[in-house]
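Trainee:
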Amino acid sequence: MQDKLLAEAVWLLEQYDARAERVLGVGAEAVVVKCEWRGFEAVAKLRLAKPYRDPALDALLRSKRTALEAKLMFEARKLGVAAPAPLFVDAEEGLLIMDYIPGPRLRDVLARLESREEVFETVGFYAGLIHGRGIVHGDLTAANVIVSEGGVYVIDFGLGAFSNDLEEQGVDVHLMLRSLESTHPSLAPQLYRAFMRGYAKARGEEARRLVESKVLEIRRRGRYVAERRRRAALA
């Protein structure tokens, strides 16, 4: 599967003076490829056509999502968030080329990371910055944070949006908490507190309280649905 995707990426990227090297990841909507682009170490994200969808609608959706992701990254960087820089966009082809950030995913090094509280405070600060300017990430988890020698980077704005909706902000924070609880449950409470300290530094205590209240509401709804499903299964 990866060989086929890499072959397709090689062909497409050659049209843009880029040389594909290896597949970094394959998701539901895109393939991510390490490449060299005009002398830069880069990453290319290629949104894949969905064969089950009307071709015209599919092309429109891929184009809009690609352009939006690049704009979200650009705006986040303007706010001071460490994120990859968009280098080239061809929205019609669903292609976004960005600079390559070397380093492991936060999820993979968390247990042995001495500065983990500081890192989570930084990520929380970044979340507060973007929420304060009407941006939500959409998939804010420890898997979408890279710990690099140059700092802590937030990646993959592919599910993000421009929104001031408190529910969507709460979902961002809830996703981070849930990712911690699923992979590092013993560390989750202290790291969530560090995350929210950083969040408050960016947005203030009132915004922090509102978002945390929304997170609790989201979690209660989730537990209610899970309990209803459990009871239905036993009935």
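First residue of the sequence shown? That's 6 in my numbering, and the numbers climb one at a time after it. Note that the Cβ used here is the ideal one computed from N, Cα and C, for glycine as well. As the structure is a computational prediction, the values presented were derived from the model and not from experiment.
What first and last residue would you give for the alpha helix (DSSP H) that runs through residue 135?
Mentor: Start and end: 121 to 137.
Trainee: Using alpha carbons as the reference points, say which of 145, 176, 157 and 155 lies closest to residue 163.
Mentor: Among 145, 176, 157 and 155, the Cα nearest to that of residue 163 is on 145.
Trainee: Assuming residue 185 and residue 192 make a contact with CB atoms under 8 Å, what is their CB distance in whole Å?
Mentor: With 8 Å as the limit, residue 185 and residue 192 qualify as a contact, their Cβ atoms being about 7 Å apart.
Trainee: When DSSP labels each residue in this structure, what does residue 144 get in the three-state scheme?
Mentor: It is coil, neither helix nor strand.
Trainee: Are three or more beta carbon pairs between the stretch 49 to 66 and the stretch 105 to 123 nearer than 8 Å?
Mentor: These segments do not touch.
Trainee: Does DSSP put residue 57 in a helix, in a strand, or in coil?
Mentor: DSSP places residue 57 in coil when its eight states are reduced to three.
Trainee: Do the stretch 133 to 150 and the stretch 89 to 101 make contact, defined as three or more Cβ pairs closer than 8 Å?
Mentor: No: fewer than three Cβ pairs fall under 8 Å.
Trainee: Expressed to the nearest angstrom, what Euclidean distance is found between the alpha-carbon atoms of residue 210 and residue 203?
Mentor: Taking the straight line from one Cα to the other gives about 11 Å.
Trainee: Can you name the start and end residues of the alpha helix (DSSP H) that residue 114 belongs to?
Mentor: Looking at the DSSP string, the run of the alpha helix (DSSP H) that includes residue 114 is 111 to 114.
Trainee: To the nearest angstrom, report how far apart residue 38 and residue 190 are at their CA atoms.
Mentor: Approximately 32 Å between the Cα atoms of the pair.
Trainee: Which residues bound the beta strand (DSSP E) around residue 30?
Mentor: Note, residue 30: beta strand (DSSP E), 23 to 31.
Trainee: If you reduce the DSSP assignment to three classes, tell me which class residue 102 lands in.
Mentor: Strand at residue 102.
Trainee: DSSP three-state call for residue 166: helix, strand or coil?
Mentor: It is a strand residue.
Trainee: Per DSSP, residue 153 forms a beta bridge with which residues?
Mentor: According to DSSP, residue 153 bridges with 156.
Trainee: Please classify residue 20 as buried or exposed, where buried requires at least 16 neighbouring CB atoms within 10 angstroms.
Mentor: Label assigned to residue 20: exposed.
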